[in-house]
Structures are given as C-alpha cells and as structure tokens.
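Input: a single structure, listed below in structure tokens.
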Amino acid sequence: MDKIKSDPRFIQAKEFIKAGEYERALEFYGQLLETSVETYGEKALELAPLYFEYGSALLCQAQEATDVFGSAIKDAQKSKRDAEPSKEAEEEETNDGEEEEEGPTEEGVQEDLEIAWENLEVARTICSENETEESKKLLTEVYLKLADLNTLNGNYPQAVEDYNSSLSIREAMVEAHSRLLAEVHFSLAHAYEYYLASEKEKDPNFTGDQGLLCLKHFRHVLEILQLRVKFLEDRSASEDEAAADAKEIEEINELIDEVQETIEAKGKELEEGGVSVKESIPQTSIGFDKPSADPDAANAIPVTKVQVKRKVNPSGGVKSEKPSSIAEAKQESLDFKQTEAVDKKPKGIPSELAEAEPIDLC
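Residue numbers (our numbering): 223 to 584.
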C-alpha cells in the first residue's frame, strides 16, 4: 500500500481533491490505477487504497453535482410562483443560457455513481479478504463511502447496513471514547432520518421505528463525546498535550450543546407525532441496530473488473448489482426532491466529529 500512496500521481491527486478539483484528481487516479493493475494485478492488496480514493473522488463529484440539480429544482419551483416573464425576458434568458458552459446531467451523475460503486466494491472485497490491521482500517472507510453513496441514491436500508458494518469493525478497534465511533453514529442517525422522511413522502400515514432509531444514535453520539471529554480531563499529559486537550475539550463541548439541542428537538417531534420516546428504543434482530441482510445483496456477483472514468472498461468485466438509478427514481431521492419535514441533502460526515489527529488509514 505504501508504494501506491507514495507515488507522485497519488499525492498530486490528493492535493486536487483537497482543492475540490475532482476531474483533475480522477485523471491522475485513473492513470495510476491502469498502470498499477498491470503491475500488481487487479485484486492486489496494494491497490485497495487506490480503488477507494478513485471511488471516493467520483462520489464527491456526484454529490457536488446533486447540489446543482437541487438548486435548479428550487429555482424552477420559485419561477412558477412568480409572474410569467415577458417574451423579451424569456429570449434574453435563453440566450444567456446558451452562453453558459454545459453543466452536469443526471445521466452523468448516475454514471459517476455506478463507477464509484464498482471501485468501492472492489476495495471492499480486497480488504475483506485480507485480515491485516491496515486493511481493516481501510474497510471501515470503504463501508462509510458505500453508505454515503446509498444515501445519495435514496437506498436507505442498504446505507444503514453499510454504516453498521463500519461501526462493528471500529468498535473492535478503537476505545469507547473514540470520536471515530461518534462519526458513524452521527451518520446512522441521519440515515434513519432520511429513511423516515422518504417513507412519509410515499405514505403520510407511514409508521416505523426509524424516528426512534435516529434519536438513539444521536444519544450515542452524545454519550461518546461525553466519554471523550472525561478521558481527556482524567489523563496525565505534558504541557503541550494539555493545551491540545483543552482545545479539544472546548470544541467537543460546543458539539455536545448542538447534539443535545438536536436530541431535544427530535424527541419533541416524536412525542408530538404520538411516539413515546420514554419507551425502550427498538433493537433489530441482527447486530447493533442492523437490519436483516438483503437476500439479493447477499447473492450479488463479485466484481472482478471495474471501470475507469471516461476510459475503456476492461473487457470481460462482470458487474454486480448497481445502485438504483437516479433517473428512474424520478427525483424521489431526497437529493432531488425537497420537503418541509427535513433538509434532505445528505449531510455527510462532519469533520469535527473525527479524531483531532486523523489516523493513517493504511
């Protein structure tokens, strides 16, 4: 893994990612991926971080594009409420539109998501077959990205399952006060939130335990942050470490206030809807809040070939089940259809919930 990560193309791509220049990053990742497959073989452990980064870059690009679509939908809805523009204004708007650069399309975003999913799936397969500490660390990140992708596509049951997979691995690897655990619980809370809002869009009378599970995971976030503060306050530290701890404690206390407000708001919302939050939070049958596995997903064909964006797909490739199409969903996804119940744009994982010093995943 170190050889791949020390390659100048990998390093340059990471810089482009930080700058939000995803297209340029994908060019470097794509070049490196093609040459590395020839060197190591497509299922080599050395390639796992490269598949992960390539898929993550495509996912980030797709998330950015859905922001554009969401804004366009809002603008269209607003224009319908406004007076009909004059013919001259319409012509001027049309002309202005012709001068603008072509933006992302739903088909293009779907293609990005499909290729992102393929690369992340290969990374997951590789890491799952290698029981090293480094591969386990990376596997937790792969599951998080797969969950983010499924959230973006509106496939909330699968997103919940992927988040739980990441959580189960992390719980065995880090201390109970680790903010890496709070990170996953935070994402799970929002996944259940989007899940519930999606079901209520289809059926206003829908009743499910997603609201209680959302609240439960926000409570876990709070508990972990409080444990983290206690750990920092109790441990012996040098002068420099003490200063850093004090800064982190101040930061966490601000987060605690925000999470407490969220818990109170969610609890009140549930109570007003006739749900008693004082009753025991539901547990699912498999693992920690983990839903039963999708039988179709269990029988999915393993990915043996992946696409490189805008490059020829290796011949003979086998694709397993793709994520549900955004176009076919007809904007039922929470990223393409807004309601008053909840801000439906996937929030992702807030960086402030992660460890103060990011760990080296590989």
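Note that the Cβ used here is the ideal one computed from N, Cα and C, for glycine as well.
Secondary structure at P426: coil, using DSSP grouped into helix, strand and coil. With a cutoff of 8 Å on beta-carbon distance, F440 and H399 are scored as not near each other.
Annotated three-state conformation of E494 is helix, per DSSP.
Around the beta-carbon of I233, fewer than 16 other beta-carbon atoms lie within 10 Å, marking it exposed. Leaving aside the five residues that flank V364 on each side, the residues in its chain whose CB is nearer than 7 Å to its CB run, in chain order, F274, L342, A345, R346, C349.
Contact between L281 and A338 holds: their C-beta atoms lie close to 5 Å from each other, under 8 Å. Looking at the backbone, the Cα of E336 and that of L248 are separated by about 15 Å.
For the pair A284 and Y251, the CB atoms are not nearer than the 8 Å cut-off. L389 and N427 have their C-alpha atoms roughly 31 Å apart.
In this structure, Y414 lies near V382, with their beta-carbon atoms less than 8 Å apart. By the C-beta density criterion, A369 is buried, having at least 16 other C-beta atoms within 10 angstroms. Around L361, the same chain offers R346, C349, S350, I391 as residues with beta carbons nearer than 7 Å, after the five sequence neighbours per side are excluded. DSSP, reduced to helix, strand and coil, places H442 within a helical segment of the structure shown.
DSSP, read as helix, strand or coil, puts S350 in helix. Around the Cβ of E494, a 10 Å sphere holds fewer than 16 other Cβ atoms; the residue is exposed. When secondary structure is reduced to three states using DSSP, K240 falls in the helix class. Each residue's CA atom was taken as its position, placing S228 and A235 some 11 Å apart. Following the DSSP letters along the chain, one finds S388 inside the alpha helix (DSSP H) bounded by residues 378 to 393.
Your pair P271 and I239 does not check out as a contact, with CB atoms roughly 13 Å apart and the cut at 8 Å. Collapsing the DSSP output to three states places G252 in a helix. Between H407 and I446, the C-beta spacing is below 8 Å. Between I485 and R450, the CB-CB gap reaches or exceeds 8 Å. In this structure, the beta-carbon distance from V497 to G433 falls below 8 Å.
CA-to-CA, the gap between E340 and G277 works out to about 8 Å.
Counted as a single uninterrupted DSSP element, the stretch harbouring L267 is not any alpha helix (DSSP H), since DSSP gives it neither H nor E. In this structure, L437 and L492 form a Cβ contact; the two beta carbons are roughly 7 Å apart against a cut-off of 8 Å. Distances from the CA of T354 to each of M223, E461, K488 were compared; the closest alpha carbon is that of M223.
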